[in-house]
Structures are given as structure tokens and as C-alpha cells.
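Okay, so the sequence shown: first residue is 887 according to the numbering used here, each after it adds one.
Even glycine gets a Cβ: it sits at the ideal position worked out from N, Cα and C.
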Amino acid sequence: MAKIETLNGINVELIREDFPILKRKVHGNHLAYLDSAATSQKPASVIAVINEFYSTHNATVHRGVYQMSQEATARYKDAHVKVARFINARSYEEIVFVRNATEAINLIAYSWGRANIKAGDVILLTEMEHHSNLVPWQLLAREKGARLEFISVDKDGLLDLQEMKENIDGRIRLIAVTHMSNVLGTINPVKLITEFAHENGALILVDAAQTVPRYAVDVQEIDCDFMVFSGHKMLAPNGIGALYAKSEILEDMKPFITGGNMIQEVKLRESKWGELPWRFEAGTPAIEEGIALGTAIDYLEGLGMESIENYERQIVAYAMERLSEIDGIEIYGPSSEQRGGLVSFNLAGIQPHDIAAALDYDGIAIRAGHHCAQPLHEKLGIKASARASFYLYNTREEVDRLVNGLHKAKKVFG
Ligand code: C6P
């Protein structure tokens, strides 16, 4: 009999009941969704709150005196308060809603970066960054005559912090680092890197797109200056994400996008900005998506972030153990203790896209490609990889199906 899997004492089969999509079949097989690092599935409560918003509260925010607009405004603000509490920011004023992590990084690069990065400054990144935390800095560095430097990734898929401390010269202005690699799964010691940044007079941006969904992340404990993440990877809808920044930094930043909703007073030739965080949310925002992000947080908190982390660690440890039994597999990244819930790999002689296509016939969804981390793949000496990623609704049985599917693919393509 299959072992009953529990998360915080709750049978995972019951958790799965909350996710309508997990009931669907693909090519006649039950869906095994192993691509949550790309985007998570949504619980019924999140789907329902969007319906409820349009059925009962739909009105724009910050503008109306009538009851529905006030309800919408209160709920939208409340979602900021929830996000602030979720990552332990000091106030909702430090939470700007954006479309996604990518937009948040661009906001920082345009607003803070263009005012603070000067010719000769160093922007320190790592070799494992997602393109979203690389390309905006390439543009900024080129525009300002600044220099990009990179913390190396060692053979175990970990950042070489010793080399970082010994070899970086020049005036570092900003360190921008991923909290968890979306390819290697490596969890980076962002608190240590923050200390290094501050000792060197630099600010630090933590790309927490992969960690906020699965860990209890505490911005005050890390002491980072900026943090970014996307709602869609943490049970919320597409089109909503958050930028956290210390309020004293936000106060000093010029708005990135300007127009309605973000001003206090406008004259023909000049304007006064509104309060934080609305100053950075020009135009009509993604109101229902923001509210639904709050609902997603309610769901995650209901299960408990530590329990989610523990559960995912067990699943990824099991996946690492089972996958490493396959002949000809190469797994990238560190041991399961140092990684979050994903595993990227290649099978000798089979293209990653062929692996993903073969698994799809069995109803198993994984990702293949460079996962928007081309420089890291180049460093690994490969063009692409296959990646299975796990979240709170995945089970060991799905890992077994993945492993069986890979054996089958080897027979077909081998
Ligand atoms: N990674 C994946 O790995 P957006 O697209 O803005 O929601 O998230 C961008 C992003 C930024 N940083 C990290 C570490 C990420 O993993 C991602 C998104 C997805 O499948 C899509 S490439």
C-alpha cells in the first residue's frame, strides 16, 4: 500500500483536492505536474476570489468614494499588508505591486540604478542568474560605463564566496543575487552576501522568485535592501508580483512609471508624488490579482511555510535518490541538503526536449531548455537541460512516475 504523505499533519491527497487542475488527464493519464518552478498551480480559493471580486466588489481603487470602490481599495491595500507580514517587512509601504519579478528588477534598474550607478562602479552578479537579473544590469552598465562582475559557481553548483571576497576590486555599488537558482536548485547564503555588500558600502537585491513560494523568508533578518518575487510561482494569478525595498530607499527613488494614481498634486508643469507604495504603482493596477495574491498567502500560511519547506525537502531528497539510480543521468547542482525543490539533469544521448515530449505522453509535465539561464548552461558546458520541480502538492508517487518515464524514454531513444 502506498505510504500516506502528510504536510503539517494533512494528508497531501487532501491538499491536492484543493487544486482543480490536478484532476485533469493528459494523453489519457493523470497529470503529474512537475514544473512549479516555472509557475505553480492555483488552489480553488484563489480561483474563487477572482470570481468573487468581479461578482461583488468590482470597482477601481484609490479613486471612488462609493462603497464598492472603498471595499476594493481596502482589500487591495490589505493584500499589501499581507505580503509585508509574509516576508516580515516593517510596513506595507515597503511593498510595491508589480507584474512579476522581472518587472520589479527593471524598476530597480531604471529608478534606483540610473540615479545611483556611475561610471566605473561595479555591479556584482553571479554566474547563476536568471536572465531577468542579468539583462537589466547589462543595459544599465553599458549606459553608465559601469562594470559587471560575477561571483563564480563552483563544481558543486555553489557560489565561490572566498573568491568573491579576495578578488573583487573597485567600488561595488550593488550586488544582485538569486536566493535560489532555478537550474541548480542551490540555496544561496544571502545573509552572508548581504553582510559583505554592506561592509563594502553596496546595496543588495535578492531575487527571491524561487524562495518566497517555498520558505519562510524574512527580509529584516536577511537585511537585504531590495527583494523581488512573482505571485504566479506561489499559488497566485499571473500578472502580480512584489518589489520589497527598505522605505528609506524607496523614499529617495524617483517613480519609474508615472501618470495617474501615483500623484498627490499635478500642475501643468510639475507634480508632487503620492505616498508609498502607491507612488510606484501608476495607472489602474491589477486589483483582483493583488487581492488573490493575499488569498494565496492565506493558503500558504494555513499550511505553514516551515512545513512546506520540510515537505519539499523530503520530496527533492527522494527525487535525487531515485534519479541518481538511472544509468547515464547527469544531475546538476548541489546535494539535496543545499538545494530547493528542483532537479535539472540530462540523459546521455537524449535531447532534453525529447525527454520532456516523451514524458508528456505519460501525463508528466517537466521543463526542457535553458530555463532563461543561458550563461549558466554555458558554464556547465551544455545547451539545455531537463528540469523537474516540486511543490507542496507533489508526491513520491509522481517522482516514481518520472523515474519510470525516464527509463521508458531511454528505451525509445537509446
Ligand atoms: N523562472 C523558470 O525557471 P517572472 O517571469 O518575472 O515571473 O520570473 C522571472 C524569474 C526570476 N528569477 C528567477 C530565479 C526565476 O526562476 C524566474 C522565473 C521560470 O521556469 C521562468 S524562466
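*Where DSSP assigns a beta bridge to Asp-1093, which residues make up the other side?*
Thr-1064 and Val-1114
*Roughly how many angstroms separate the alpha carbons of Leu-1169 and Phe-1142, rounded to a whole number?*
With the sequence shown as reference, residue 1169 is identified as Gly, and Leu is not the correct amino acid for it. If you take the alpha carbons of Gly-1169 and Phe-1142, they lie about 12 Å apart.
*Terminal residues of the continuous beta strand (DSSP E) containing Thr-988?*
Not the beta strand (DSSP E): Thr-988 falls in the alpha helix (DSSP H), residues 987-993.
*Is any heavy atom in the ligand C6P found nearer than 6 Å to the beta carbon of Cys-1258?*
yes
*Count the other CB atoms, across all protein chains shown, that sit within 10 Å of the CB of Pro-906; report buried if there are 16 or more and exposed otherwise.*
exposed
_CB contact flag (Glu-841, Tyr-1101, <7 Å)_ = For the chain, the structure presents residues 887 to 1300; residue 841 sits outside this window and is missing.
*Assuming Leu-917 contacts Lys-911 under a Cβ cut-off of 8 Å, what Cβ separation, rounded to an integer in Å, is found between them?*
7 Å
*Is the number of C-beta pairs between the stretch 1090-1098 and the stretch 1061-1078 that are closer than 8 Å three or more?*
yes
*Nearest-angstrom Cα distance between Ala-1131 and Asn-894?*
32 Å
*What three-state label does DSSP hand Glu-1015 in the structure shown?*
coil
*Residue environment, Asp-904, which counts as buried when at least 16 other CB atoms sit within 10 Å*: buried
*Are the Cβ atoms of Asp-1007 and Arg-1057 separated by less than 7 Å?*
yes
*Taking Gly-1219 as the reference, which of Glu-979, Leu-1045 and Asp-1213 has the closest Cα?*
The candidate whose alpha carbon is nearest that of Gly-1219 is Leu-1045.
*So Ile-1183 is in the alpha helix (DSSP H); what residue range does that whole segment cover?*
1173-1189
*Is Ala-958 helix, strand or coil when you go by DSSP?*
helix
_Exposed unless 16 or more other CB atoms sit within 10 angstroms - verdict on Ser-941_ = exposed
*the ligand C6P heavy atoms versus the CB of His-1263: any closer than 6 Å?*
no
*What number of angstroms, rounded off, separates the C-alpha of Glu-1207 from the C-alpha of Val-1285?*
Straight-line Cα distance between these residues: approximately 10 Å.
*Using only the heavy atoms of the ligand C6P, determine whether one of them is closer than 6 Å to the beta carbon of His-916.*
no
*Run the CB neighbour count on His-913, radius 10 Å, all protein chains shown included, and call it buried at 16 or more, exposed below.*
exposed
*asked:* Restricting to Cα atoms, I'd like to know which of Leu-1078, Glu-1081, Asn-1086 and Met-1113 is closest to Ala-1094.
replied: Met-1113
_Rounded separation between Glu-1107 and His-1293 - CA only_ = Going from the Cα of Glu-1107 to the Cα of His-1293 covers about 44 Å.
_His-1239 versus Gly-1188: straight-line alpha-carbon distance, rounded_ = 37 Å
*Cβ-heavy atom distance, Ser-922 to the ligand C6P, below 6 Å*: no
*Per DSSP, the bridge partner or partners of Asn-897*: Bridge partners of Asn-897: Thr-892.
*Between the CA atoms of Glu-1151 and Lys-909 - distance to the nearest angstrom*: One C-alpha to the other measures close to 52 Å.
*Mind checking whether the beta-carbon of Asn-992 lies closer than 6 Å to any heavy atom of the ligand C6P?*
A distance criterion of 6 Å places the beta-carbon of Asn-992 beyond contact range of the ligand C6P, judged by its closest non-hydrogen atom.
*Beta-ladder partner(s) of Glu-1216, from DSSP*: Asn-1232
*Under 7 Å between the Cβ atoms of Ser-1271 and Ala-923?*
no
*Would you mind sorting Asn-1053 into buried or exposed? The rule is 16 or more other CB atoms within 10 Å of its CB.*
exposed
_So, at 7 Å on beta carbons, what are the nonlocal neighbours of Gln-1024 in its own chain, with the 5 sequence-adjacent residues on each side left out?_
Leu-1034
*What residue from His-1118, Tyr-996, Asp-1104 and Arg-1273 has the CA that sits closest to Val-1289's CA?*
Arg-1273
_Considering only DSSP beta bridges, list what Arg-1033 is partnered with._
Residue pairing of Arg-1033 in beta bridges, as defined by DSSP: Val-1008.
*Among the residues of its own chain, which have a CB less than 8 Å from the CB of Ala-1244, if the five just before and after it don't count?*
Gly-1291, Lys-1294, Ala-1295, Val-1298 and Phe-1299
_By DSSP's criteria, Glu-1151 is part of a beta bridge. Which residues make up the other side?_
Lys-1158
*Residue interval of the beta strand (DSSP E) (run including Ser-1210)*: Per DSSP, Ser-1210 belongs to no beta strand (DSSP E) and is neither H nor E.
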